[in-house]
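Residue numbers (this note's numbering): 30 to 374.
Report on the following structure.
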Amino acid sequence: MTKLAPLFALIGLWACTADSTEMPPTKPEPTSTSSTTTGTTTTTATTGTTSTDTGPLPQFDCATVPDTAGPAVPLDAPRGYNDIVFDSAGTLIGSDENVFWAATAPDTATIYAAGIGQVYKMGVLPGGDIVAARSAGDGGGVIRVDSSGGTIVLAPGLNGYGLAVGSDGNIYLATNYTSGAEAIIRIDPATGDGEMIVDTGPYPARAIAFNRDFSRLYFGTMNGGRVYGVDLDVNLDPVGDPGLIATVPDGWHDTVEVDACGQIYVGSVFSSSIFRINQDLSIIEILDWTFNTYGHGLEWGSAAGGWDEFSVYVTHPYVGSRVDAYELGVPGAHWVGDVIGGVTL
């Protein structure tokens with residue numbers, strides 16, 4: 030792994046020398062997993078929430094996942110340009126390209142933070158602060174926003190797109206074509222210090238996501254429709270090189286997300302749709318729009334705020350940063366419950 034300071038120094042070199050050879054198409058066999066949780070206290074690392082339950086947690090059977098999504102349910106108040114998140118209280122937070130809005134209901138939203146600028150993918154730190162990859166046009170780096178709207182910039186000058194928060198509380202950022210080098214960077218949210226954990230020069234990473242137990246990191250790409258996965262150890266350090274999981278019909282992946290059953294959702298701007306890589310590695314188109322109404326990002330609902338845990342909330346940047354809900358009939362990767370028949374792709 031490479032510390033971030035040397036990373037900046039080597040950006041120009043990587044841009045000129047990165048190997049452009051694609052990884053060989055190797056589709057791994059899905060690994061069957063199950064998750065049984067019946068304890069009384071559950072902590073979610075990515076949001077810092079702790080819930081107490083005196084009985085067994087709910088169950089979900091992956092054999093019941095439908096192959097079609099429900100119709101769009103437009104929401105009046107929430108806004109989301111490229112992504113949205115749910116904080117520890119279940120408040121839906123997203124951007125209208127300049128302001129973060131906090132929605133507590135489909136028809137109720139207030140300003141969370143102003144003067145943010147354009148941001149891409151978002152996450153929630155264990156203490157509840159919101160983090161987001163900021164566009165190069167607005168200064169780049171990763172912004173960290175607290176509940177009072179106070180904002181600081183982490184890793185200034187580093188241009189990223191895909192972002193996820195690990196079970197270790199660190200920020201994982203995929204750089205993009207504006208950075209001159211392709212990599213996945215781990216950033217300390219307290220100091221802004223970072224290190225490269227995956228050199229993605231041969232397969233430019235764009236959107237990223239962790240699986241249910243944080244043993245695998247997935248990333249979409251900017252060409253060829255290829256989706257990769259890399260194994261992680263208990264410290265979330267990569268084990269081996271990324272391997273090709275599947276190739277969706279169109280490239281330039283604006284979102285990658287994972288459900289509780291291990292299926293991967295990949296958004297493609299070229300097809301203006303969201304594809305799902307199923308447990309058997311078959312691929313279906315689960316959501317489809319016109320280019321102007323294309324859904325750039327999605328997040329599963331939070332029961333803490335009264336949102337549907339079996340629906341995704343999708344951002345539509347080209348129609349006023351509108352947010353719609355679509356029922357998928359399956360919860361997200363970090364749903365708190367017992368998952369029957371889950372796999373790791």
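Just so you know, even glycine gets a beta-carbon here, dropped at the ideal spot from N, CA and C.
All figures in this text were calculated on a predicted structure; none of them were measured in a lab.
Neighbourhood of residue i by C-beta distance below 6 Å, restricted to the same chain and skipping five residues each side
i      : result
ALA38  : Since pLDDT at ALA38 reaches only 37, below the 50 mark, its modelled position is unreliable, and the value read off the structure follows with that caveat. Nothing meets the Cβ criterion.
THR137 : ALA106
TYR323 : SER301
ALA161 : VAL148, MET151, ILE172
THR67  : Its pLDDT being 37, under 50, THR67 is placed unreliably by the model, and nothing is read from it.
ARG108 : GLY123, ASP125, TRP130, SER350
Extent of the continuous beta strand (DSSP E) to which residue i belongs
i      : result
PHE89  : 88-90
ILE328 : In the sequence under discussion, the amino acid at residue 328 is Glu, which differs from the Ile named in the question. That run of the beta strand (DSSP E) goes 326-329.
ILE145 : Premise fails: ILE145 is in no beta strand (DSSP E) and is neither H nor E.
TRP130 : 129-134
THR344 : 340-345
THR97  : Segment: none, THR97 is in no beta strand (DSSP E) and carries neither H nor E.
GLU356 : 351-356
ALA234 : 234-239
ARG108 : Element bounds for ARG108: n/a, residue is neither H nor E.
MET225 : 223-228
TYR201 : 200-204
THR180 : 180-183
VAL295 : 293-297
THR276 : 267-276
PHE304 : 302-306
LEU316 : 312-317
SER124 : 121-124
Neighbourhood of residue i by C-beta, 8 Å cutoff - its chain only, sequence neighbours within 5 removed
i      : result
ASN264 : ASP197
VAL256 : TYR247, PHE248, GLY249, THR250, LEU273, ILE274, ALA275, THR276, VAL277, HIS282, VAL285, ILE293, VAL295, ILE306
TRP364 : PHE89, ALA289, TRP329, GLU338
GLY334 : PHE115, ALA118, GLY119, THR120, LEU121, THR133
ASN321 : TYR347, VAL348
LEU316 : ALA98, SER302, ILE303, GLY324, VAL343, TYR355
Residues of its chain near residue i, where Cβ-Cβ distance is below 7 Å and the 5 sequence neighbours each way are ignored
i      : result
GLN88  : GLY366, ASP367, ILE369
ALA74  : Residue placement at ALA74 is flagged as unreliable, the pLDDT there being 38, under the threshold of 50; the coordinate-derived value follows with that caveat. Hits under 7 Å: PRO155, SER196, GLY198.
GLN292 : ARG305, ILE306, ASN307, GLN308
ASP167 : GLY146, GLN147
TYR141 : ILE122, PHE129, TRP130, ALA131, GLY178
Neighbour-count burial assignment, residue i, 16 or more Cβ in a 10 Å radius
i      : result
ASN240 : buried
PRO85  : exposed
ASN307 : buried
VAL268 : exposed
THR139 : exposed
ILE313 : exposed
THR218 : Checking the sequence shown, residue 218 turns out to be Pro, not Thr. Buried, because 16 or more other Cβ atoms sit within 10 Å of the Cβ of PRO218.
GLY254 : buried
ALA92  : exposed
ASP158 : buried
ALA143 : exposed
PRO95  : exposed
PRO360 : buried
PRO233 : buried
ASP112 : buried
THR220 : exposed
THR319 : exposed
ASN188 : buried
GLY371 : buried
As assigned by DSSP and simplified to three states, the class of residue i
i      : result
THR287 : Contrary to the premise, residue 287 reads as Val rather than Thr in this sequence. VAL287: strand per DSSP, three-state reduction.
ALA161 : strand
ASP367 : strand
ASP167 : helix
GLY258 : strand
THR93  : helix
ALA332 : helix
VAL194 : strand
VAL153 : strand
VAL348 : helix
SER176 : coil
TYR323 : coil
GLU211 : coil
GLY249 : strand
ALA362 : coil
THR373 : strand
Nearest candidate by alpha-carbon position, reference residue i, set the options
i      : options                        : result
SER340 : LEU327, ARG235, PRO218         : LEU327
VAL259 : ASP279, THR133, ILE237         : ILE237
THR229 : ILE303, SER297, PHE243, ALA212 : ALA212
ALA101 : ARG163, VAL227, VAL352, GLY371 : VAL352
GLU126 : PRO103, VAL153, PRO135, SER164 : SER164
ILE181 : VAL372, ASN188, GLY170, SER350 : GLY170
LEU357 : ARG215, VAL287, ALA203         : VAL287
VAL128 : ASP242, ALA332, VAL174         : VAL174
SER311 : ASN252, PHE299, LEU374         : LEU374
ASP279 : ARG215, SER244, PHE299         : PHE299
SER331 : ILE216, ALA184, VAL153, GLY191 : VAL153
ALA203 : ILE226, ASP222, PRO185         : ILE226
Proximity test, Cβ basis, 7 Å: residue i and chain C
i      : result
LEU261 : Judged by its chain identifiers, the structure shown contains no chain C, having just a single protein chain.
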